[in-house]
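Chemist: Numbering (my numbering), first residue to last: 3 to 176.
We treat Cβ as the ideally placed atom computed from N, Cα and C, and that holds for glycine.
My questions will all concern the structure given below.
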């Protein structure tokens, strides 16, 4: 995937001056990478050492910490890997933090159309019974409303293979 450069600035997460840089935009990189010496000049120290893996499978250990990024007048703290001298890359975590997406045709960054919040967590519906008590109640109602002879064709291993019939799990053997 071709990469392009973007103008931005980097500074200490606690404030102070920003230094301009033009990293390549690299959507394949989870985090941004800047030279360790450049970050040290800004007074930024790694918080920990982390193993990273390049797309070709090569594993390396780099320092890892936070830097303040400024893109188009907005500033946010972003995770950064303390890389080798010639490695200036803006990674996907910074793009997410700034809510930016890549316009490949125009070789620019643009506001993302949507922000993902993952799956929606909902409160249980108070009108729907929950848990084991609800299952027991369902079986009680089934017993009361269905004649016993209707169960003649049901599998005899229903209790042992309940998860198979309910969820499609593999059957337990006899």
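Give the range of the alpha helix (DSSP H) segment to which residue 100 is assigned.
Modeler: Boundaries for residue 100: no alpha helix (DSSP H) harbours it, and the DSSP string shows neither H nor E there.
Chemist: Are residue 82 and residue 41 touching if we call contact CB-CB under 8 angstroms?
Modeler: yes
Chemist: What separation, rounded to the nearest whole angstrom, lies between the Cα atoms of residue 6 and residue 56?
Modeler: 19 angstroms
Chemist: So, helix, strand or coil for residue 5, using DSSP?
Modeler: Of the three classes helix, strand and coil, the one that applies to residue 5 here is coil, per DSSP.
Chemist: For my contact list, residue 80 and residue 61 are in at a C-beta cut-off of 8 angstroms; report their separation, rounded to the angstrom.
Modeler: That belief does not hold up - the Cβ atoms of residue 80 and residue 61 are roughly 23 angstroms apart, past 8 angstroms.
Chemist: To the nearest angstrom, how far is the alpha carbon of residue 1 from that of residue 172?
Modeler: There is simply no residue 1 to check, as the chain begins at 3 and stops at 176 in what is shown.
Chemist: Provide the residue(s) that pair with residue 56 in DSSP beta bridges, ordered along the chain.
Modeler: DSSP output for residue 56 lists no bridge partner at all.
Chemist: Once the 5 residues before and after residue 68 are set aside, which same chain residues still bring their CB inside 8 angstroms of it?
Modeler: 15, 46, 49, 79, 80, 81, 82
Chemist: Spell out the partners DSSP gives residue 67 in its beta bridges.
Modeler: Beta-bridge pairing links residue 67 to 82.
Chemist: By Cβ distance, which residues of its chain are closer than 6 angstroms to residue 99, with the 5 residues on each side in sequence left out?
Modeler: 78, 80, listed in sequence order.
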